[in-house]
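Residue numbers (my numbering): 306 to 620.
Here it is, written out as structure tokens:
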């Protein structure tokens, strides 16, 4: 029932698809898609075998857990979501879903995803899955986000767990290869989200969220984006350097890394006024943000394709 209803809903209202869409929106499906994909890659490239039904179950658990964490995040951040233009129409601040219902929804899904993961695969994967939910909810959302401009740097670990979870679901443990995939996403997160924060800094300032452009200014944010990009580009080559993937993947990673650096160099050298504010309406930052999503998707797709081809050929 929608917030503010005073009478029982009729059948047509109960089946109102807008209600369903609101509950789905709580799960942050756009964010979830990349999380699920990297988790799938971790599962596919891990040595060993998992029954297809159990593999699908593991991926569903990662998806549900990511959505559950998103729902709890929306519950906790409902006050700041209400004053930010890009989030004001989310189901809770818009009054379409009650805050406590959203919290209960997130908690139930969190517990269910961890229990099913443990029963379907192993408890190491379930423990890492539980850790990823806890990290996103307690460390990032409740502790870091409103207290430090380094929120994205430390909190980025939450989004880096999925390939480790997929790997653990197959192997029952964590190895160097899983840590490398974690590291790539961890160092990808700051330039990705700081590019977004450059053109959304007004929203963050109104909400009192100390994102880097709000606290340190746009010029320093561009410098930090560039520094993290310099760290990320060579990290993409690590799967080849440790023998996890071939040089065919390495060539793709090298090209993507160079393209990423080019995109973020344009962000760093965007035309600015005396205060470092963009004179182009942050066009390079918007383009860099979009490309960063493509970068991570293609990099992990290339990694999966390379390893599966090598495995299939018996090399």
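Here a beta-carbon is modelled for each residue, glycine too, at the ideal position from N, C-alpha and C.
Original post:
Do residue 544 and residue 560 have their C-beta atoms within less than 9 Å of each other?
Top reply: On the chain shown, residue 544 is found 239 positions in, with the first residue counted as 1. On the chain shown, residue 560 is found 255 positions in, with the first residue counted as 1. Result no, Cβ atoms of residue 544 and residue 560 do not sit closer than 9 Å.
Original post:
Looking only at DSSP bridge pairs, what is residue 270 linked to?
Top reply: Since the displayed the chain opens at 306 and closes at 620, residue 270 lies outside it and no answer follows.
**OP:** Mind reading off the beta-carbon distance from residue 345 to residue 471? Whole number of angstroms is fine, and I expect it under 8 Å.
**Re:** In the chain shown, residue 345 corresponds to position 40, counting from 1. In the chain shown, residue 471 corresponds to position 166, counting from 1. Rounded, the Cβ-Cβ distance is 6 Å, consistent with contact.
**OP:** Determine, using beta carbons only, whether residue 468 and residue 602 come nearer to each other than 9 Å.
**Re:** By one-based count along the chain shown, residue 468 stands at place 163. By one-based count along the chain shown, residue 602 stands at place 297. The answer is no: Cβ separation not under 9 Å.
Original post:
What residues are listed by DSSP as bridge partners for residue 583?
Top reply: Reading the chain shown from its first residue, position 278 is the one you call residue 583. Partner(s): 577.
Original post:
Taking one C-beta from the segment 593–602 and one from the segment 329–343 each time, how about it: are there three or more such pairs within less than 8 Å?
Top reply: yes
Original post:
Who are the near neighbours of residue 514 in its chain, counting only those whose CB is closer than 7 Å to its CB and skipping five residues on each side?
Top reply: Locating residue 514 in the chain shown gives position 209, counting from the first residue. Within the same chain, residue 514 has close Cβ partners 385, 450, 451.
Subject >> Under 9 Å between C-beta atoms of residue 495 and residue 565 >> reply: Taking the first residue of the chain shown as 1, we reach residue 495 at position 190. Taking the first residue of the chain shown as 1, we reach residue 565 at position 260. Contact flag unset, no.
**OP:** Compute the Euclidean distance between the alpha carbons of residue 475 and residue 352, then round it to the nearest angstrom.
**Re:** Position 170 of the chain shown, counted from the start, is the residue given in the question as residue 475. Position 47 of the chain shown, counted from the start, is the residue given in the question as residue 352. The straight-line gap from Cα to Cα measures roughly 7 Å.
Original post:
Whose C-alpha, out of 552, 595, 426, is nearest the C-alpha of residue 612?
Top reply: Walking along the chain shown from the start, residue 612 turns up at place 307. The residue with the shortest Cα to Cα distance from residue 612 is 552.
Original post:
Is DSSP giving residue 353 helix, strand or coil here?
Top reply: Along the chain shown, one-based indexing puts residue 353 at 48. Here residue 353 sits in coil by DSSP.
Subject >> Top-ranked residue by Cα proximity to residue 454, from 392, 420, 523 >> reply: Position 149 of the chain shown, counted from the start, is the residue given in the question as residue 454. Nearest of 392, 420, 523 to residue 454, Cα basis: 523.
**OP:** May I ask which residues mark the beginning and end of the alpha helix (DSSP H) holding residue 530?
**Re:** As a first step, residue 530 is located in the chain shown; it is residue number 225 there, counting from the start. Where residue 530 is concerned, the enclosing alpha helix (DSSP H) stretches over 523–540.
Subject >> Boundaries of the alpha helix (DSSP H) in which residue 545 is found, first to last residue >> reply: The count along the chain shown starts at 1 and reaches residue 545 at position 240. Start and end: 543–546.
**OP:** Could you check if residue 456 is buried or exposed, using at least 16 other CB atoms within 10 Å of its CB as the buried criterion?
**Re:** Taking the chain shown and counting its residues from 1, the one referred to as residue 456 is at position 151. The residue is buried, with at least 16 neighbouring Cβ atoms inside 10 Å.
Subject >> Proximity below 9 Å, CB of residue 438 to CB of residue 419 >> reply: To locate residue 438, count along the chain shown from 1; it is residue 133. To locate residue 419, count along the chain shown from 1; it is residue 114. It is a contact, given that the beta carbons lie within the stated cut-off.
**OP:** Indicate whether the contact test is met: 3 or more Cβ pairs, each with one atom in the segment 516–535 and one in the segment 573–584, closer than 8 Å.
**Re:** yes
Original post:
Can you list, in chain order, the residues of its chain whose CB lies under 7 Å from that of residue 350, leaving out five sequence neighbours each side?
Top reply: Within the chain shown, residue 350 is the residue found at index 45, counting from 1. Within the same chain, residue 350 has close Cβ partners 608, 609, 612.
Original post:
Thinking C-alpha only, which one of 591, 493, 547 is nearest residue 480?
Top reply: Residue numbering aside, residue 480 sits at position 175 when the chain shown is read from its first letter. Among 591, 493, 547, the Cα nearest to that of residue 480 belongs to 547.
Original post:
Over what stretch of residues does the alpha helix (DSSP H) that includes residue 426 continue unbroken?
Top reply: One-based indexing of the chain shown puts residue 426 at position 121. First-last for residue 426: undefined, no H or E at that position.
Original post:
To the nearest angstrom, how far is it from the Cα of residue 402 to the Cα of residue 392?
Top reply: Position 97 of the chain shown, counted from the first residue, corresponds to residue 402. Position 87 of the chain shown, counted from the first residue, corresponds to residue 392. So the alpha carbons of these two residues sit roughly 14 Å apart.
Original post:
Going by Cα to Cα distance, which pick from 361, 595, 584 is closest to residue 493?
Top reply: Looking up residue 493 in the chain shown gives position 188. The candidate whose alpha carbon is nearest that of residue 493 is 595.
Subject >> Backbone CA spacing between residue 394 and residue 614 [nearest angstrom] >> reply: In the chain shown, residue 394 corresponds to position 89, counting from 1. In the chain shown, residue 614 corresponds to position 309, counting from 1. C-alpha separation (whole angstroms): 45 Å.
Subject >> Cβ shell of residue 464 (< 7 Å), same chain only, five flanking positions each side left out >> reply: Sequence index remark: in the chain shown, residue 464 carries index 159 (1-based). Excluding positions up to five away in sequence, the list reads 340, 490, 494.
Original post:
Exposed or buried, what is residue 371 when buried is set at 16 or more other beta-carbons lying within 10 Å of its beta-carbon?
Top reply: Position 66 of the chain shown, counted from the first residue, corresponds to residue 371. The residue in question, residue 371, is buried, as its Cβ has 16 or more Cβ neighbours within 10 Å.
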